[in-house]
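Student: The structure is given below, and queries will be raised subsequently.
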Amino acid sequence: MLKKRAKLVAVSAAGVLGLSLGLAACGGGDGGGSSSKGLVISYEDPIDHLDPQRIYVGAVIANTTRLVYRQLVAYPSSTDPEVSGTPVPDLATDTGTSADGGKKWSFTVKDGVKWEDGSDITCEDFAYGASRNFAADVITGGPGFYLTQKLAVDGEYPGPYTATPEQQAAFDKAITCDGKTITYNFKTPWPDFPLAIASLHMMDPYKESFDKGEKNDDIIFSNGPYKVKDWNAQKGGTMVRNAEYDAETDDKQLREALPETIEFKYGEKASTTYEKLFSDSPDSQYTIAGQSRVPPEFYPRLTESGVKDRYVQVESPYVDYLVPNQNQMKDPKIRKALAVATNVESWIAAGGGEKAYIPADSIVNPAVGGYKPNPAYKDRNLAGDPAAAKKLLAEAGAETPYPITFSYPQSDTLDKQAAALAQGWEAAGFKVTLDPLGDVYYSNIQKPSNKADVMWGGWGADWPSAMTVTAALFDSRQIEKTSNGQNYGNYKSAEVDKLFDQAGASATIEEQNKFLQQADAKLGEDVAYIPLEIAVFNWVYGSKVKNFTTTDASSSFAELGGIDVED
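In the numbering used here, the protein residues as written are 1 to 567.
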């Protein structure tokens with residue numbers, strides 16, 4: 001996010017559409033670009049994080065990978081899912097060499113790759129970028145827990161900002177540099193480490209002399225084909241060509257950098273953006289939506305002349321779900337009552353029906369290896385069961401109506417869906433306060449002190465493994481004093497953590513999946529989450545936009561690798 005990729009995360013189960021790639025053989029400031037016009041990307045809310053180690057939303061991962069942040073290896077923009085799911089070299093000379101049964105990985109940095117200030121990207125930049133993931137009090141909310149749990153650091157390492165010389169020395173033994181070659185040493189095998197690098201930005205290089213910690217959260221220091229010309233954290237900004245980028249060091253499967261400029265525009269509601277796109281107004285013709293899909297009220301217009309040729313529908317890699325806050329809703333019977341009362345059918349109907357969603361029976365998308373329906377939700381009543389929920393509340397000795405606050409990221413569509421859920425919950429004996437939040441949503445729910453009783457979440461696998469779903473979302477060891485990471489509901493279970501550890505140490509995928517499925521069953525039993533649906537993405541883009549597509553690599557969001565606009 002995914003979302004990712006938010007997925008929401010990053011690996012997609014999208015229906016992949018075609019894209020013709022052909023990188024112009026240009027170096028320096030040309031960056032392979034061909035268009036003299038700019039592309040506009042409209043985001044309803046400001047992007048939470050632009051610091052590479054903190055980015056953890058699918059659309060933002062996909063956008064920044066193609067524009068400003070290159071990686072050791074990256075996913076191609078291919079029409080073939082097998083190709084788009086197989087990393088190719090980016091800043092590295094190859095896709096890495098493993099040793100010691102997958103506990104050790106080495107990569108060599110290419111010659112001629114530079115930062116926007118003209119300085120070389122070094123092995124030490126990669127090691128420093130990795131070290132930032134350990135500063136949990138500064139670099140919050142990102143996917144760095146994957147690395148911090150796996151890297152073979154002797155003793156506690158608090159990150160580069162506060163480490164003692166001894167602690168830093170221990171880290172420097174876990175990640176070593178030999179000229180341009182960087183080697184990562186892990187506690188247990190990490191056979192799909194290249195997939196993790198390509199899916200996320202946690203392993204990206206970072207220049208130590210540029211680092212100002214959390215003050216850099218909205219600052220981009222580019223090594224890609226574009227750089228920031230101007231930027232406002234609340235309004236967006238413009239990216240222009242990076243003169244220090246050399247297309248000869250890049251792969252035509254990854255980036256073409258065709259538009260002359262890329263403008264990110266924050267703050268316009270999805271309904272306003274799509275009204276302009278559907279009517280093909282002049283100020284929308286070069287526009288695509290960053291995250292917001294076509295709102296349901298526009299569905300009847302998707303077959304209109306002038307629109308249907310600019311319409312794309314793909315199944316997303318994301319599962320939307322609810323998260324009871326374990327710090328607030330401590331009684332498992334009350335959480336169970338909430339799950340039993342949840343009317344998934346009304347949620348889907350309010351969001352646009354089957355054109356927008358497919359009901360989910362697990363937090364793991366069926367396209368991900370290790371998927372199995374969660375026993376707690378396999379045969380549930382999708383319309384909810386108010387009578388059964390009332391009985392559970394009575395057994396819990398709860399006051400009725402039982403007061404709960406539901407937090408969700410505000411949008412016109414989510415407002416309607418939240419109201420639909422509230423109606424079902426109130427019929428079951430709850431008293432619901434709706435708490436719609438804007439751009440502060442994730443920073444709010446990632447606070448363990450957050451007082452919401454139940455929250456909305458959306459997630460896609462970070463790479464094709466259930467390990468990047470259940471363990472990523474519910475491992476209790478990511479909960480710190482000031483941040484719960486992605487464990488929004490502050491769920492803690494020693495039994496589940498042990499199952500995650502057993503999965504992480506497994507020698508085979510089959511064995512790993514066995515432990516993860518046991519963990520998922522326990523999550524359902526404890527009502528750590530309530531699955532809602534698998535999102536279907538509907539996109540309409542501007543009439544002057546060329547090569548619009550979505551790929552697995554873009555997590556079903558717009559693929560910027562080969563996108564262009566008409567002159």
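Just so it is clear, CB atoms sit at the ideal spot from N, CA and C, and this is done for glycine as well. None of the values given here were measured: they were computed from a predicted structure.
1) Hey, would you say Phe-571 sits closer than 8 Å to Ala-152, going by beta carbons?
2) Relative to the C-alpha of Ala-503, which candidate in Asp-48, Thr-188, Thr-183 has its C-alpha closest?
3) Output the distance between the C-alpha atoms of Tyr-43 and Ala-169, rounded to the nearest integer angstrom.
4) Quick check on Glu-559: buried or exposed, where buried means 16 or more other Cβ atoms within 10 Å of its Cβ?
5) For Lys-481, which option in Glu-304, Leu-382, Asp-453, Gly-141 has the closest C-alpha, if you only look at C-alpha atoms?
6) Can you tell me whether Arg-66 is helix, strand or coil according to DSSP?
7) Tell whether a beta-carbon distance below 8 Å holds between Pro-81 and Asp-462.
8) Using only CA atoms, which one of Arg-380, Ser-84, Ala-257, Pro-436 lies nearest to Phe-406?
9) At 4 residues or longer, and completely inside the stretch 303-384: list those alpha helix (DSSP H) runs for me, N to C.
10) Whose C-beta lies closer than 7 Å to the C-beta of Lys-150 among residues of the same chain, with five residues either side of it excluded?
11) Let's see if you can read the secondary structure: which residues bound the alpha helix (DSSP H) around Glu-533?
12) For Gly-561, count the other beta carbons within 10 Å of its own beta carbon; 16 or more makes it buried, fewer makes it exposed. Which is it?
13) Counting Cβ pairs, one atom from each stretch, are 3 or more of them under 8 Å apart for the stretch 358-370 and the stretch 537-554?
14) Of all the options Ile-288, Asp-501, Thr-108, which has the alpha carbon lying nearest to the alpha carbon of Asn-547?
15) Kindly confirm or deny that the stretch 297-309 and the stretch 441-448 touch, where touching means at least three C-beta pairs closer than 8 Å.
16) Ends of the alpha helix (DSSP H) at Lys-276?
17) Measuring CB to CB, does Lys-390 end up less than 8 Å from Gly-429?
18) Where Tyr-206 and Tyr-128 are concerned, what is the direct C-alpha to C-alpha distance, given to the nearest angstrom?
19) Leaving aside the five residues before and after Tyr-146 along the sequence, list all residues of the same chain whose C-beta is less than 7 Å from its C-beta, in chain order.
20) I'd like to know if the stretch 310-324 and the stretch 375-386 are in contact, where contact means that at least 3 CB-CB pairs between them fall below 8 Å.
21) Taking all protein chains shown into account, decide if Ser-483 is buried (16 or more other Cβ within 10 angstroms of its Cβ) or exposed.
22) CB-CB under 8 Å to Ala-419, same chain, minus the five flanking residues each way: which ones, in chain order?
23) Ignore the nearest five residues each way along the sequence and tell me which others in Arg-70's own chain have a CB closer than 6 Å to its CB.
24) Would you mind stating whether Gln-512 and Leu-499 have Cβ atoms separated by less than 8 Å?
25) DSSP on Ala-419, reduced to helix/strand/coil?
26) Using alpha carbons as the reference points, say which of Gln-253, Asp-45, Thr-181 lies closest to Pro-87.
27) For Glu-566, count neighbouring Cβ atoms within 10 angstroms of its own Cβ and tell me buried if that reaches 16, exposed if not.
28) Candidates Gln-446, Pro-76, Thr-181: which alpha carbon is nearest Tyr-488's?
Tutor: This is what the structure holds:
1) In this structure the chain extends from 1 to 567, so residue 571 is not present and cannot be described.
2) Against the sequence shown, residue 503 aligns to sequence position 503. Between Ala-503 and the set Asp-48, Thr-188, Thr-183, the nearest pair of CA atoms involves Thr-188.
3) Start at 1 with the first residue of the sequence shown, and residue 43 comes out as number 43. Start at 1 with the first residue of the sequence shown, and residue 169 comes out as number 169. If I take the Cα positions, the gap works out to 42 Å.
4) Along the sequence shown, one-based indexing puts residue 559 at 559. It is buried - the Cβ of Glu-559 has at least 16 other Cβ atoms within 10 Å.
5) Within the sequence shown, the letter at position 481 stands for residue 481. Ranking the options by Cα distance to Lys-481, first place goes to Gly-141.
6) Counted from its first residue, the sequence shown places residue 66 at position 66. Looking at Arg-66 - three-state DSSP - the assignment turns out to be helix.
7) Locating residue 81 in the sequence shown gives position 81, where the first residue counts as 1. Locating residue 462 in the sequence shown gives position 462, where the first residue counts as 1. Taking 8 Å as the Cβ cut-off, Pro-81 and Asp-462 do not qualify as a contacting pair.
8) For the purposes of this step, residue 406 is identified with residue 406 of the sequence shown, where counting begins at 1. Nearest of Arg-380, Ser-84, Ala-257, Pro-436 to Phe-406, Cα basis: Pro-436.
9) 332-341, 344-350
10) Counting from 1 along the sequence shown, the entry for residue 150 is found at position 150. Counting only Cβ-Cβ distances below 7 Å, and skipping sequence neighbours, we find Phe-186, Lys-187, Thr-188, Trp-190.
11) Taking the sequence shown and counting its residues from 1, one reaches residue 533 at position 533. Boundaries for Glu-533: no alpha helix (DSSP H) harbours it, while the beta strand (DSSP E) harbouring it runs 530-540, taken from the DSSP string.
12) The count along the sequence shown starts at 1 and reaches residue 561 at position 561. Buried, because 16 or more other Cβ atoms sit within 10 Å of the Cβ of Gly-561.
13) no
14) Numbered from 1 along the sequence shown, position 547 holds the residue referred to as residue 547. Cα-wise, what sits closest to Asn-547 is Ile-288.
15) no
16) The residue given as residue 276 occupies position 276 in the sequence shown. From DSSP, the alpha helix (DSSP H) with Lys-276 extends over 270-279.
17) If you number the sequence shown from 1, residue 390 lands on position 390. If you number the sequence shown from 1, residue 429 lands on position 429. Their beta carbons are under 8 Å apart, which means Lys-390 touches Gly-429 by this criterion.
18) Here residue 206 refers to the residue found at position 206 when the sequence shown is read from its first residue. Here residue 128 refers to the residue found at position 128 when the sequence shown is read from its first residue. A straight line joining the alpha-carbon of Tyr-206 with that of Tyr-128 spans about 6 Å.
19) Translated into the one-based positions of the sequence shown, residue 146 becomes position 146. Around Tyr-146: Ala-196, Met-202.
20) Contact fails: fewer than three Cβ-Cβ distances are below 8 Å.
21) The residue you call residue 483 lines up with position 483 of the sequence shown. Result: buried.
22) As a first step, residue 419 must be located in the sequence shown, where it is residue number 419. Here the set comprises Ala-350, Leu-434.
23) In the sequence shown, residue 70 corresponds to position 70, counting from 1. These residues qualify, in order along the chain: Asp-90, Leu-91, Asn-223, Gly-224.
24) Numbered from 1 along the sequence shown, position 512 holds the residue referred to as residue 512. Numbered from 1 along the sequence shown, position 499 holds the residue referred to as residue 499. Contact: no.
25) For this step, residue 419 is matched to residue 419 along the sequence shown. DSSP places Ala-419 in helix when its eight states are reduced to three.
26) Locating residue 87 in the sequence shown gives position 87, counting from the first residue. Of the listed residues, the one whose Cα sits closest to Pro-87 is Gln-253.
27) The residue labelled residue 566 in the question sits at position 566 within the sequence shown. Label assigned to Glu-566: exposed.
28) As a position in the sequence shown, residue 488 is number 488, starting the count at 1. Ranking the options by Cα distance to Tyr-488, first place goes to Gln-446.
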